[in-house]
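Have a look at the structure below, then the notes.
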Amino acid sequence: MATQRDIKRRIDSVRNTRKITRAMELVASAKLRRAQEKIESLRPYATAMRRLMAQAVTAAARMIEAAIADEAPAPTLDALAARAGYAPHHFHRMFKRATGVTPRAYASALRARRADAGLAAGDSVTEAIHAAGYGSAS
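To convert, take the position in the sequence shown, counting from 1, and add 7; that gives the numbering used here.
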C-alpha cells in the first residue's frame with residue numbers, strides 16, 4: 008500500500024509533467040506561428056512565380072501553334088525550354104501541369120485539328136494531311 012509520502016510524490020510528479028507539457032505546447036505553438044508567418048511572407052513570390060510559369064507555357068503554346076500554322080515542324084522540347092529559360096525536364100512537367108498534355112501531344116492535337124478542318128472543308132485526304140503538316144505519304 009502506498010504511503011502518504013508516495014502519493015504526494017506522485018501528485019507532484021503529475022503536476023511537473025503538466026507544467027512541462029504546457030511549456031512544450033507553448034514552444035510548439037510559437038514555432039508553428041513563425042512558420043506560418045514565413046509561408047505567408049512568401050505568398051507574393053509564389054504568386055509571381057506561378058504567373059511567370061504560366062506566361063512561359065503560353066508563349067511555348069503560341070510557338071507550337073505558329074509552327075503548325077506555317078506548316079513547319081513543331082519546336083523541340085529543348086528549343087521550347089531554352090526559349091522559356093527552364094531545363095527541359097522541368098519545362099515538360101510545367102507544360103503538362105498547365106495544359107494537361109505534353110508539348111508533343113499539344114502539337115499532334117493541333118495537327119489533327121487542322122486535318123479534320125481540311126477534311127470538313129472538302130479537301131481530299133492527301134491535301135488535308137499535307138496541309139496539316141504531316142508530310143509526304145512515302
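In this text, a Cβ means the ideal position worked out from N, Cα and C, and glycines have one as well.
Query	Result
Where does Ser131 fall in DSSP's three states?	coil
Closer than 8 Å is the cut-off here; do at least three beta carbon pairs connect the segment 12 to 32 with the segment 63 to 80?	no
Straight-line CA distance for Ala124 to Ile46?	49 Å
Go ahead and pull the three-state DSSP assignment for Met56.	helix
For the pair the segment 104 to 124 and the segment 70 to 84, tell me if three or more CB-CB distances fall below 8 Å.	yes
For the alpha helix (DSSP H) holding Met101, just list the boundary residues, first then last.	Pro95 to Thr106
Going by alpha carbons, who is nearest to Asp77 out of Arg40, Ser36, Gly92 and His137?	His137
Assess, as a yes-or-no matter, whether the segment 53 to 68 is touched by the segment 96 to 114 under the definition of 3 or more beta carbon pairs within less than 8 Å.	yes
For Ala127, collect the residues of the same chain with a Cβ closer than 8 Å to its Cβ; drop the 5 residues on either side in sequence, then sort them by chain order.	none
If you follow the alpha helix (DSSP H) that Ala81 is in, where does it begin and where does it stop?	Where Ala81 is concerned, there is no enclosing alpha helix (DSSP H), given that its DSSP letter is neither H nor E.
Do you know offhand how far Ser131's Cα is from Ala74's?	23 Å
So, Ala139 versus Ala122, is the Cβ gap smaller than 8 Å?	yes
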